[in-house]
Amino acid sequence: MTTLDTTRQTVQPHITVMVPAYNEAKNIAKTLDNIARVLQQMSPHWNIVVVDDGSRDQTAHVVQALVETYRVTLVRFSRNFGKENAICAGLNYASGDMVICMDADGQHASELMLTMLEKWREGYEMVYAVRQDRAQESSFKLWGSRAFYRMMSASTHVSIPRDAGDFRLMDRKVVDALCALPERNRFMKGIYAWVGYKSIGIPYTPLPRLHGESAYSKLKLIALAWTGITSFSVLPLRLASFTGVILALLAFTYGTIVIIDTLFFHESIPGWPTVVASMMFFAGVQLLFIGVLGEYLARVYDEVKGRPPYIVSDVVAPQSVFTDKDK
Ligand code: UDP
Ligand code: MG
């Protein structure tokens with residue numbers, strides 16, 4: 001079904017909620033219950049897609065038992081492929097006129113979906129939830145995210161909204177656009193912004209996790225930020241060229257001074273420390289930027305290999321819901 005903006009006020013859209021889950025056995029049942037409760041208030045047509053991202057606990061078993069109760073399509077990965085890829089799969093299996101992406105750990109309040117739907121009815125194609133609780137976070141996360149957004153906005157053309165994550169509603173148009181992108185290294189925050197569409201942010205405060213701990217360690221967060229920067233900007237490469245130019249100018253100036261000194265003032269040049277120091281410095285800078293080049297090359301290599309972003313081992317769907325992509 002396609003919905004024109006004018007009909008959105010009255011239509012009863014099909015809503016798909018999709019939930020990436022990794023080791024969430026203790027949380028997923030409660031989360032699904034919350035989601036279903038709110039969905040019932042929103043529309044008679046809804047379903048849920050849970051992507052089990054290679055969990056090592058009982059997540060898949062718990063969900064499988066609830067397939068009929070909560071109209072869940074369970075998509076199981078053959079191993080852990082990461083949240084970004086789980087979202088990609090979830091979008092592929094979602095059949096709704098709109099898709100809402102939510103975490104499995106209960107941190108995203110289902111009630112916010114009501115506001116998201118309201119905004120969709122007003123004509124927005126993407127409604128993203130914006131975190132309001134940054135002030136209480138660790139200084140690592142706070143400064144890290146500040147630096148990240150500053151760097152991204154300085155170096156890319158797409159403007160990525162601050163503190164907006166994967167908790168968002170997307171119209172079918174947006175979902176189709178996202179699914180059509182061929183790239184394998186998916187940095188969702190960037191991609192959401194890149195596809196465009198009429199978007200709006202709504203504030204929310206994440207709830208505490210029901211059980212367990214976040215899968216994102218400091219190291220993983222840094223890796224994710226680096227993926228974001230290298231897949232959406234060429235700033236590090238530009239920095240390399242810029243540094244090269246500055247250093248070359250400095251070297252040229254210094255060389256000229258040395259030549260003038262030797263020709264006109266016949267100064268004997270002891271020079272040894274200067275030579276060693278500058279050699280080491282230049283070698284260091286070169287190695288650093290060869291590393292940066294390597295990072296980009298690695299991304300190209302990953303894309304060229306053409307491997308799929310994830311492998312589905314099995315799909316369990318309820319009888320009642322027809323999901324055309326399960327065929
Ligand atoms: N998740 C996933 N694959 C992973 C890591 C996490 O599908 O490799 C899911 C996880 O089950 C949860 C969501 O992504 O539903 C957010 O993860 P988490 O709570 O660990 O991150 P945070 O809340 O700290 O962003
Ligand atoms: Mg969480």
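Numbering (the UniProt record's numbering), first residue to last: 1 to 327.
Glycine included, C-beta positions come from ideal geometry on N, C-alpha and C.
query: Identity of the residues DSSP links to C101 by a beta bridge; result: M18 and R168
query: Top-ranked residue by Cα proximity to I200, from Q319, E183, P161 and A65; result: P161
query: Buried or exposed (CB count within 10 angstroms, at least 16 for buried), D324; result: Only weak support is given to the placement of D324: the predicted model assigns it a pLDDT of 46, under 50, and the question is left unresolved by the model.
query: For D176, three-class secondary structure by DSSP; result: helix
query: Beta-carbon gap between R20 and R131 smaller than 8 Å; result: Sequence check: residue 20 is Pro here, not Arg. No, the pair does not count as a contact, with Cβ atoms beyond the cut-off.
query: Local conformation of D261 per DSSP, three classes; result: helix
query: For L74: DSSP bridge partner residues; result: V50 and V316
query: Residues that DSSP places opposite G201 in a beta bridge; result: Y128
query: CB contact check: P308 to chain D, cutoff 8 Å; result: Considering every chain present, this structure includes no chain D. It has just one protein chain.
query: C-alpha gap between S43 and I290, whole angstroms; result: 55 Å
query: Three-state class that DSSP yields for D302 in the structure shown; result: helix
query: heavy atom of the ligand UDP below 7 Å from P182 C-beta; result: no
query: Check whether L32 and L66 have beta carbons under 8 Å apart; result: yes
query: Distance cut-off 7 Å: K83 Cβ against heavy atoms of the ligand UDP; result: yes
query: Limits of the alpha helix (DSSP H) - the one that K189 falls within; result: M188 to V195
query: heavy atom of the ligand UDP below 7 Å from E295 C-beta; result: no
query: Local Cβ density within 10 Å of Q107, reported as buried at 16 or more and exposed below that; result: buried
query: Distance CB(D80)-CB(P309) smaller than 8 Å; result: Just to set this straight, residue 80 is Asn in the shown sequence, not Asp. Not a contact, by the Cβ cut-off of 8 Å.
query: For F281, three-class secondary structure by DSSP; result: helix
query: Same chain, Cβ closer than 6 Å to M1, neighbours up to 5 away in sequence not counted; result: Bear in mind that the predicted position of M1 carries a pLDDT of just 46, short of 50, making it unreliable; the figure below should be weighed with that in mind. Answer for M1: D97, listed in chain order.
query: S110 CB to nearest heavy atom of the ligand MG below 7 Å; result: no
query: Between the CA atoms of G54 and D105 - distance to the nearest angstrom; result: 16 Å
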